[in-house]
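Accompanying notes for the structure given below.
2 protein chains.
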Amino acid sequence: MPALHLLSPRGFRAGAVYAGLKSKQTPDVALLVADRPAAAAAVFTTNKVVAAPVIVGREHLANTAGRLRGVVVNAGNANACTGRQGEKDARRMCQLAAAATHDHAEPEQFLPCSTGIIGHMLPMDKLERGIIEAGLNLGDSPEHASLFADAILTTDTKRKSAATQFRIGKDTVTLAGVCKGSGMIGPRMALHAGRSRPKAKHATMLAFLTTDADISPVQLRKLLARATDGSFNAVTVDDHTSTNDTAVLLASAASGVRISSPPAIKSFTASLSEVCQSLAYQIAADGEGATKVVKIEIDTAAAPQAAERIARAIANSPLVKCAMHGNDPNWGRIVSAAGLAGVPFDPDKCTLTLQGTPVFRAGRPLPFDAAQVSQSLAAPEVAVRLSCRIGNSAATVWTCDLSKEYVTINADYHT
Amino acid sequence: MPALHLLSPRGFRAGAVYAGLKSKQTPDVALLVADRPAAAAAVFTTNKVVAAPVIVGREHLANTAGRLRGVVVNAGNANACTGRQGEKDARRMCQLAAAATHDHAEPEQFLPCSTGIIGHMLPMDKLERGIIEAGLNLGDSPEHASLFADAILTTDTKRKSAATQFRIGKDTVTLAGVCKGSGMIGPRMALHAGRSRPKAKHATMLAFLTTDADISPVQLRKLLARATDGSFNAVTVDDHTSTNDTAVLLASAASGVRISSPPAIKSFTASLSEVCQSLAYQIAADGEGATKVVKIEIDTAAAPQAAERIARAIANSPLVKCAMHGNDPNWGRIVSAAGLAGVPFDPDKCTLTLQGTPVFRAGRPLPFDAAQVSQSLAAPEVAVRLSCRIGNSAATVWTCDLSKEYVTINADYHT
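Going line by line, the protein sequences match chains A and B. Read in order, the letters of the first sequence are residues 2 to 416 in the working numbering. Read in order, the letters of the second sequence are residues 2 to 416 in the working numbering.
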């Protein structure tokens, strides 16, 4: 079976070109188009400072009742803090995208996304040429999928992509996605501005998901929100929620498989989680300056929110992240980070394991071979598991280590 | 007038010796002793993981109704996560301190403090010799004050000390203090375990304050808690609340000036704030790897807690801290950090100034000379002021920049 990609789900085409928005000469303007109006759902940043494309995207989803023809994306400029002109520009992107499909699509059927520098007006002349050119290059080959995946990247060092399939009877449903991450990553995305979840925060991450399932927009929204909480919203690089974070899922119905029965919903949910978690993991692994992924697993916490807050307190502690970078089995920083989360936690009851080795239990460090555990931390993925033993709730958060390279990237970059 | 120091307030003596707890051969065991029982108040970490000396210190303050003879301190070992033996050792420190004063002091009249590595038992033989020796070296000279200030340092690169005086009629009251900070600094201290403030978190900071004012323990507690919120609790280096954070204030009454009238309370409050803020500032300036202090001032926020949360969100953003390190006037990171604080904030109403230069107003960046503002950021103290213009509340938080040196210190240190 050939490798699956963003355009493996039937009914989608993509086009991407270099329009001169990035300094690096790689694609930076892209279109993802559904052949027919697709059921659509999206989650957006909960930052109070939202970029123009987020404002316009929310509006378009509402006005079309979740039926989109596609998305239009650029990298290199976030179109954030750009006022009314920024909103006009985001709307103009959708007009150009609708025109570029050459089949009577409406501007409101497009969702605009931007990522890059904040506070600069989009170079609309370049963008206009780019969108028109991308529309002339639409296709559904693996190369088209790869170019789209490349066009959304900024300081990312790797293309991020995931896909899976499941069967309902004799029919196959395909789910796929691409994303970007890197820095300013601490997403806490929600369906609505009005439903913002104060507990959440993240960075510019964009994710574009496709499926050929036949599913209602209402159902899609529900399932995307749930999948986001267990994936994108569980990643943190620097806990800095961006102004542009967006994840959008389009369902073309081209497989002819209706997702309405409980088993079908269950299969779809599992596949969507698989794709979103794979993408989220790739974001953590490619965090700015990262040399490893750190998976923080909390169990037996007092409540779901307590589990999440403990996981985030550990994942966002610069001291823990530096220790992980140095392969230091520094259980003291981890346990004290759990203690500062502001939720029930009792060091006298918990057990902490690093890469499977118990290092702390019942208020005291355990004897362990420090050199051996340190060596086990020198891995591309490190597992930190903290059993609180005061309840039944669990949470998992993915982060990365904090390296000098992160400081270099973010201190030397100039506005 | 000779320079004031920790022992300028009448009625105190200190002694400090090197007992072999630190690898560096500088003082690491110290006593601060009041000639007679002094009114005492202390605030402690609100981390759920508390070190043995914090447990014992709270108990001693309660049992003596806030009347102490002194404090006994060691650096090099935090006596945290050391179980029942750790508590016994902390009590033993107080026994030794009481004996070392040679004038019938009770063990419960001492407050123990420790700072250093977590999870290791105190080397009680060394500590015992150290406390006895410190007791033989008590004195009130500037040199005694300096040795005490040095004995509490760990990775600090500088001695931290502050003092002031005020007059009531013809009488003079002196207030002084020393402290330590450096890493794991995100103090959120409160009077009681039971009154822990979930909003607060910090690192191992210890502060020892003296005054010769005559003031009741109840009044002292109130004023110390208030001064702490506006000083130590407003500092963050890495937002990692330590297991040992403690600030203690002893009042000897030796000046004969009773602090009970509103003007006296006002003068005392102002002086205490001045000393605590100076010490807090010195902690921020000497944060691990810090090259500058960043003062985050929020005004016209919706509510006091909102102002504080916005200030902390900015102060703790690694992206903002890296930008400060690189002298980058990156207003986008600052405004978006305000937006992710989870409290009311409207970018369309706010004004942001960096070192006095307005760079963002009403949702849009302002034209400014980037090279000139960048140059102004290359200073030992940088002022970031964000006027929210949606209410009447203000908050100030001090932090430092994030440098590669911070990563070096915390990735290369091994447990």
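Ideal Cβ positions, reconstructed from N, Cα and C, are used throughout, including at glycine. Bear in mind the structure is a predicted one, so any value in this text is a computation, not a measurement.
- request: Compare the C-beta of Val1(B) with all C-beta atoms of chain A and state if any pair is closer than 8 Å.
  value: In the structure as shown, chain B begins at 2 and stops at 416. Residue 1(B) is therefore absent and cannot be evaluated.
- prompt: How many Å lie between Gly231(A) and Gln86(A) at the Cα?
  reply: 36 Å
message: Which same chain residues end up closer than 7 Å to Arg130(A) when comparing Cβ atoms and leaving out the 5 residues on each side of it in sequence?
response: Ala20
Among Gly327(B), Gly182(B) and Pro368(B), the one whose alpha carbon lies nearest that of Gln376(B): Gly327(B)
query: With DSSP run on the structure shown, which of helix, strand or coil describes Gln96(B)?
result: helix
Through-space distance from Lys350(A) to Gly364(A), alpha-carbon basis: 7 Å
- prompt: For Arg196(A) and chain B, any beta-carbon pair shorter than 8 Å?
  reply: In this prediction, Arg196(A) has a pLDDT of 37, which is less than 50 and means its spatial position is unreliable; nothing more can be read from the coordinates.
query: Okay, do the segment 72-86 of chain B and the segment 43-58 of chain B touch, 3+ Cβ pairs below 8 Å being the bar?
result: yes
message: Does any residue of chain B have a CB that is nearer than 8 Å to the CB of Lys181(A)?
response: no
query: Quick one: is Thr205(A) buried, meaning 16 or more other Cβ sit within 10 Å of its Cβ, or exposed?
result: buried
query: Who does Arg365(B) pair with in a DSSP beta bridge?
result: Arg362(B)
- prompt: In chain order, what residues of the same chain lie with their CB nearer than 6 Å to the CB of Ala101(B), ignoring the 5 residues before and after it?
  reply: Ile132, Ile133 and Gly136
- request: Please go through the same chain and pick out, in chain order, the residues whose beta-carbon is closer than 7 Å to the beta-carbon of Val408(B), but skip the five residues on each side of it.
  value: none
Runs of alpha helix (DSSP H) lying entirely within the segment 286-339 of chain A, each at least 4 residues, in chain order: 305-316 and 319-326
field: Inter-stretch contact (C-beta, 8 Å, three-pair minimum) for the segment 8-23 of chain B and the segment 328-345 of chain A
entry: no
task: Please check if any C-beta of chain A sits within less than 8 Å of the C-beta of Glu60(B).
output: no
field: Ala312(B) to Ile299(B) span [Cα, whole Å]
entry: In a straight line, the C-alpha of Ala312(B) is about 6 Å away from that of Ile299(B).
- prompt: When the Cα atoms are used, what is the spatial distance from Ala35(B) to Gly71(B)?
  reply: Distance between the alpha carbons of Ala35(B) and Gly71(B): 6 Å.
- request: Taking Ile315(B) and Val385(B) to be in contact with their CB atoms under 8 Å, please state how far apart those CB atoms are, rounded to whole angstroms.
  value: 7 Å
message: How far does the alpha helix (DSSP H) with Val236(A) in it extend, from its first residue to its last?
response: It is not in any alpha helix (DSSP H) - Val236(A) carries neither H nor E in the DSSP assignment.
- prompt: Alpha carbon to alpha carbon, how far is Gly195(A) from Glu88(A)?
  reply: Per-residue confidence for Gly195(A) stands at a pLDDT of 38, beneath the threshold of 50, marking its modelled position as unreliable; no derived number is given.
message: On the criterion of 16 or more Cβ atoms from any shown chain inside 10 Å, does Ala164(A) qualify as buried, or is it exposed?
response: buried
Terminal residues of the beta strand (DSSP E) in which Pro188(A) lies: Segment: none, Pro188(A) is in no beta strand (DSSP E) and carries neither H nor E.
task: Pick out whichever of Asn75(A), Cys277(A), Ala76(A) and Ile284(A) has its Cα sitting closest to the Cα of Thr212(A).
output: With respect to the C-alpha of Thr212(A), the residue from Asn75(A), Cys277(A), Ala76(A) and Ile284(A) having the closest C-alpha is Cys277(A).
task: Would you kindly report the start and end of the unbroken beta strand (DSSP E) that includes Gly77(A)?
output: Arg68 to Asn78
field: Ala99(B) to Val74(B) span [Cα, whole Å]
entry: 13 Å
query: What distance in whole Å lies between the Cβ atoms of Leu7(A) and Ala146(A), which are believed to be in contact at a cut-off of 8 Å?
result: 4 Å
With 16 other Cβ atoms within 10 Å as the buried cut-off, status of Thr400(A): Using a 10 angstroms sphere on the CB of Thr400(A), the tally of other CB atoms reaches 16 or more, which defines it as buried.
- request: Starting from the beta carbon of Asn80(A), find every residue of chain B whose beta carbon is closer than 7 Å, and list them in chain order.
  value: Ordered by position in chain B, no residue passes the 7 Å Cβ test against Asn80(A), which lies about 12 Å from the chain.
task: Please confirm whether Arg93(B) and Met122(B) have their CB atoms less than 8 Å apart.
output: no
- prompt: Does the distance from the CB of Leu221(A) to the CB of Ala40(A) come in under 8 Å?
  reply: yes
7 Å Cβ shell around Val398(A) - same chain, five flanking residues per side excluded: Ala235, Thr237, Ile297, Ala312, Arg313 and Ala316.
task: Would you please verify whether the beta carbon of Val408(A) is less than 8 Å from any beta carbon of chain B?
output: yes
Neighbourhood of Ser9(B) by C-beta, 7 Å cutoff - its chain only, sequence neighbours within 5 removed: Ala164, Thr175 and Ala177
message: At the 8 Å Cβ level, is Leu378(B) part of the contact set with chain E, yes or no?
response: Given the protein chain composition of this structure (A and B), no chain E is represented.
Backbone secondary structure at Phe346(B) - three-state DSSP: Phe346(B): coil per DSSP, three-state reduction.
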